[in-house]
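J.: Numbering (my numbering), first residue to last: 18 to 91.
Beta carbons are placed, not taken as given, at the ideal position from N, Cα and C, and that holds for glycine.
Could you have a look at this structure, given as structure tokens, before my questions?
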């Protein structure tokens with residue numbers, strides 16, 4: 018799958034703030050679960066983001082079932 022969600026998009030889908038979404042993706046990248054689910058997270062090099070442009074992105078297929086339909090509808 019080529020579509021990956023940014024932290025702000027993940028936050029909007031999950032109903033959490035951008036900051037909490039970023040923290041959740043950082044923890045998931047380190048191997049920790051989010052709400053009991055292992056999320057598929059990558060760190061990519063981009064033009065924006067902290068730490069020299071590195072940012073986290075989420076594979077939407079790894080979202081828990083209640084959220085999978087939410088990102089497709091948006």
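DSSP puts residue 72 in a beta bridge; with which residues?
T.: 61
J.: Pick helix, strand or coil for residue 42, following the three-state DSSP scheme.
T.: DSSP places residue 42 within a helical segment (H, G or I) once states are collapsed to three.
J.: With distances taken from CA atoms, which of 83, 44, 76 and 45 is nearest residue 22?
T.: 76
J.: Within 10 Å of its beta-carbon, does residue 42 have 16 or more other beta-carbons around it, so buried, or fewer, so exposed?
T.: buried
J.: Relative to the alpha-carbon of residue 39, which residue among 49, 31 and 25 has its alpha-carbon at the smallest distance?
T.: In this structure, 25 is the residue among 49, 31 and 25 with its C-alpha nearest to the C-alpha of residue 39.
J.: Report all residues from its chain with a CB closer than 7 Å to the CB of residue 28; omit the five preceding and five following residues, and keep chain order.
T.: Taking C-beta separations shorter than 7 Å and ignoring five residues to either side along the sequence, the partners of residue 28 in its chain run 34, 35, 37 and 38, following chain order.
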